[in-house]
Amino acid sequence: MTAAEPFRLPAGGRIDRTRVVTLRFDGREYPAHPGDTLASALLANGVRTVARGPYTGRPRGVADLGPAEPHAFVQVDSGPGEPMARATTLEVYDGLIARSLAGRGELPDTPDSSRYDKTWIHVDVLVVGGGPAGLTAALAAGRTGARVLLADEQPELGGALLAERPSPALDRVPAMAAELAALPDVRVLNRTAVTGAYDHNFLVAVQRRTEHLGDAAPAHVARQRLWHIRARRVILATGAHERPILFAGGDRPGVMLAGAAVGYAWRYGVRTGRRALVFGAHDGALRDALDLLNMGVELAGVLDARAGAQGPLIEALRGGGVPVWTGYGVTGTDGDTGGVLTAAHVAPIDGHGAPCGPARRIECDLLAVSGGWNPNVHLYSQAGGRTTWSDAVAAFVPGTAVDGHRSVGAANGTFDPAEAIAEGEAAGHGAPPRPRATPVATGAGATTGPAALWLVEPGPGREDQVFVDAHRDATLHDLRRAVGAGMSSSEHVKRYTTIGTGADQGRSTGVAGAGVLAATLGRPVGELGTTTHRPPATPIAFALLAGRDRGQLLDPVRRTPIHEWHEANGAVFEDVGQWKRPWSYPRPGEDLDAAVLRECRAAREGVAMMDVSTLGKIDLQGPDVGVLLDRIYTNRFSSLAVGHCRYGVMCRPDGMIFDDGVTARLTPDRYHLTTTTGNAAAVLDWLDEWLQTEWPDLRVHATSVTEQWAAVAVVGPRARDVVRVLAPDLDVSAEAFPFMTVRAATLQTADGGLPARIFRISFTGELSYEINVPAWHGLALWQAVHAAGAPYGITPYGTEAMHVLRAEKGFIIVGQDTDGTVTPADAGLGWAVSTAKHFIGERSFQRADTARAGRKQLVGLLPADPDTVVAEGAQLVAGIPPPIPAAMLGHVTSSYRSATLGRTFALGLLAGGLDRRGETLFAVSDGQAHPVVVVEPVFYDKEGARRDG
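Per this note's numbering, the very first residue in the sequence shown carries number 7; after that it's consecutive.
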């Protein structure tokens, strides 16, 4: 103990006393040592008030030792900052700056430049918790050669042993840790909290990698890492949380859990008070009192709520001159002008916690309280387990078995060290669990079992001084008011009062609150149960959830292998999904409109080329691909011949168009499916979802190959001439290479012979070939096409010209000419819907709404003024001026100027559209109304004669 750290013991603890670091809290500097937490450092320096109630402003101090702390939340201002950190788990470092909070933190207003990342791992065995049971389980599993991951939230292994009296069990930890490190398939993660348990043994963990290093943290190492873990077996050795007993004034600085009061001394060499009063309901509190006495803390007395408590622990205390009152409880507390504990009021209590005798006042600066220990069942409950009440340990313990999960040690309600280790050993070997033994909850020499005391009744008018959830400033008065309002479910009371919704998620007082509620309702606590535990068990920072998906990586810019050529040749780009696609190639002196008209004329009258590498491409392999596609698409694909292609439409279950594209059959068991550029990932997810959840029996592998292939479309009446030069060995005649087929060919390029797939498909209505080569050769392909087409004046064209060309043919673009309410029939694609098979969305076509007359249908629109380009999105109305409010009949989906038509034109969705052909409507936008005539949606080559050149 020094003047600088008046409550630091002269020896002991697991801190590094050879080094001193400086921290700043609420504007004042304090010394600390590596190994301290902010809580232990503040307690060592005599700082008692570390937070305040969010609504009451009442002073609050450190109450616990670890992640169940309900009071001591601070704002970290050093480094990247943290808006609400537990002082009990925040490791100190030189330069740490923090300040007290009143329940809620503030988001930093500066960017966090720290690195966060994510990783995925599959293991045979995941062990959560590095105490004696967890270590034993990990070793037993690791020795069998299993892949084992041991995750522990503390900086070092040992679990609860680190905060207890030195023992042979703690002495064995280094050797066990060394053996784990030597096993080749075992990985140990310290400072890692498993925070969520989900279906099929999938768990999420947060690893704090460099936070404890402060400014010394290497910039290239992630501050935190999010682990996604899939385990064959999960062993939960998560220990137990000490619970308080509720009484008036129990939230004052100086009131602390008894195990924490002792733990700060054993682990950090900190004496948490000079004159202590211990109040408990089990023998563990008596052992804590003996430890405090042996550490030199003056004991003002020990209160044991059990009226008949007896045994060697009580005899030892009394033999040391310590007054022990059995059947007593704390009825209230006093504080100084700052609210810090100065005394406790005690009185005899009955078995229900009601005072039944005269009170006395006992001066103390530390009130160490323990109502028992609750097995940490958060992850067990998240995984679907249901707890059951155990009178033997006066706590909720794991009840129903959860497939693939096993709780051991204190997490299972097994508090005897030997039994806990035996459970860990059996679980590590995968042996079936033994019937639950009668737990020994109070240690050797115990003669009296624990009592389940939740509350010392405060008396009339004092219910608002009993804080059931201090982090929410929720009181006994709030709880009983909820019951008075007719609520009898713990879930309803939780929402009415906010009890259990604070940052500690009910770890500290959740069970005590349930006990008080049960007593108020006159029901057994085991019958009432607790509220549902939901992930995350400990908070996860949004920065960690984002990981590296920030800034440019949040929405990466994707470029085709030909991008540099486009840039060098004056392309203007547009964003299509994540892709940068050439919008147009304006020449000097051309505006966008002129460039697009030129590009369109080239495609219609000569030959043009387009980079179509961005189209989604999915490689489908397996004997059941045809079956899958028959179910996914509205038309049939299982009958598609090898070497042929087919256009298809996908619908969602509601019958609305989801995507469209061309699919080719390359071999009997292999198909090449294309999607729209923006929907490539969504379609792959869609296929995987159905394959994994509804049709896992189908033998199909779906792989995205969008970036594995570069593709160039050669379009126009002279396209065949260009392809003939590129692939001299390929017969490109219409008879040998007909429309909607695919051929393998070898191209003549500057790089030599280049294998390629060539598809005879067209999105323009002209003779077209889409040439695909491995992406590495994309630029070589483009240059070869450009060179082969030079004698014919080949013209690169961009997405705007492509839009014009396809709209002239009435071809839709999903997401532009559809809006999630369009069926294939609405879009004029009824011909692509099979009536001889089942597919996703089929039943929805029978709904009254999808079959009714007057639905919006795709139509063509010709502005009365052939020079007017009506605005996309313009509303279609029947008259001008329209009545207010006007009936919106539909809207314009696509609108362009056409070089081929010599005028403007548009597509739109119009109610009863095809029945309105010949009508004049008005397209209204920005206060202007333009007359338009409703026509067929196909403006050019309705017979399709030009597709063969």
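All residues carry an ideal CB built from backbone N, CA and C; glycine is no exception.
Using a Cβ-Cβ cut-off of 8 Å (strictly less than) and excluding sequence neighbours within five positions of residue i, which residues of its own chain qualify?
i, result
"leucine 621", "Gly667, Thr680, Thr681, Thr682, Thr683, Ala686, Thr712, Ala717"
"alanine 870", "Thr926, His936, Pro937, Val938, Val939"
"alanine 518", "Arg249, Pro250, Ile251, Leu252, Gly377, Trp460, Leu461, Val474"
Taking all protein chains shown into account, do 16 or more other C-beta atoms lie within 10 angstroms of the C-beta of residue i, making it buried, or fewer, making it exposed?
i, result
"glutamate 741", "exposed"
"leucine 598", "exposed"
"lysine 623", "buried"
"lysine 862", "buried"
"leucine 113", "exposed"
"histidine 358", "exposed"
"arginine 478", "buried"
"threonine 126", "First, the residue type needs correcting, since residue 126 is tryptophan and not threonine in the sequence shown. When all chains shown are included, tryptophan 126 counts as exposed."
"glutamine 471", "buried"
"tryptophan 837", "exposed"
"histidine 206", "exposed"
"glycine 451", "Reliability of the predicted coordinates at glycine 451 is poor, the pLDDT of 39 falling under 50, and no value is obtained from them."
"methionine 894", "exposed"
"arginine 14", "buried"
"arginine 705", "exposed"
"threonine 216", "buried"
My guess is that residue i and residue j are in contact by the Cβ rule of under 8 Å, so how many angstroms apart are they, rounded?
i, j, result
"tyrosine 99", "arginine 229", "Tyrosine 99 to arginine 229, Cβ: 13 Å. No contact."
"serine 376", "alanine 524", "Contact doesn't hold; Cβ gap of about 20 Å is too wide."
"glycine 378", "arginine 249", "6 Å"
"alanine 794", "valine 728", "5 Å"
"leucine 373", "valine 336", "7 Å"
"tyrosine 803", "methionine 616", "5 Å"
"arginine 763", "tyrosine 775", "In fact, because the Cβ distance is near 11 Å, the residues do not count as touching under 8 Å."
According to DSSP, residue i sits in a beta bridge with which residue or residues?
i, result
"tyrosine 677", "Leu626, Arg671"
"glycine 345", "Paired residue(s): none; glycine 345 is not in a bridge."
"isoleucine 886", "DSSP lists no partner for isoleucine 886."
"proline 456", "The partner list for proline 456 (beta bridge, DSSP) is empty, contrary to what the question assumes."
"threonine 801", "Ala614"
"tryptophan 958", "In the structure displayed, the chain extends from 7 to 955; residue 958 sits before or after that span and is not available."
"alanine 350", "Thr339, Ile368"
"histidine 247", "Asn380"
"leucine 156", "Val133, Val194"
"serine 119", "None, per the DSSP bridge assignment."
"arginine 215", "Partner(s): none; arginine 215 has no beta bridge."
"tryptophan 331", "Leu309"
"glutamine 863", "Leu916"
"leucine 252", "Leu461"
"glutamate 97", "Thr43"
"alanine 928", "The sequence given here places phenylalanine at residue 928; alanine does not occur at that position. According to DSSP, phenylalanine 928 bridges with Val883, Pro937."
Beta carbon of residue i, beta carbon of residue j: below 9 Å?
i, j, result
"valine 261", "leucine 168", "no"
"proline 943", "valine 865", "yes"
"leucine 882", "threonine 910", "no"
"serine 619", "glycine 632", "no"
"alanine 29", "glutamate 35", "According to the sequence shown, residue 29 is leucine rather than alanine. Contact: yes."
"leucine 916", "leucine 927", "yes"
"valine 522", "leucine 252", "yes"
"serine 46", "valine 276", "yes"
"glycine 220", "proline 361", "no"
"alanine 670", "arginine 652", "yes"
"glycine 826", "methionine 662", "yes"
"valine 193", "glutamine 160", "First, the amino acid is wrong: residue 193 is arginine here, not valine. No, the Cβ-Cβ distance between arginine 193 and glutamine 160 is not below 9 Å."
"alanine 139", "valine 200", "no"
"arginine 513", "proline 76", "yes"
"phenylalanine 845", "glycine 771", "no"
"aspartate 636", "serine 710", "no"
"threonine 537", "glycine 506", "yes"
Which residues in the same chain have their Cβ closer than 6 Å to the Cβ of residue i, if we skip the five residues on either side of it in sequence?
i, result
"leucine 163", "Gly136, Val179, Ala183"
"alanine 833", "Ile818, Leu864"
"alanine 751", "Ala733, Leu736, Ala762, Ile764"
"leucine 550", "Tyr122, Gln230, Leu232"
Which residues in the same chain have their Cβ closer than 7 Å to the Cβ of residue i, if we skip the five residues on either side of it in sequence?
i, result
"arginine 367", "Ala349, His351"
"alanine 880", "His897, Val898, Ala929, Val930, Ser931"
"aspartate 340", "Thr348, Ala349"
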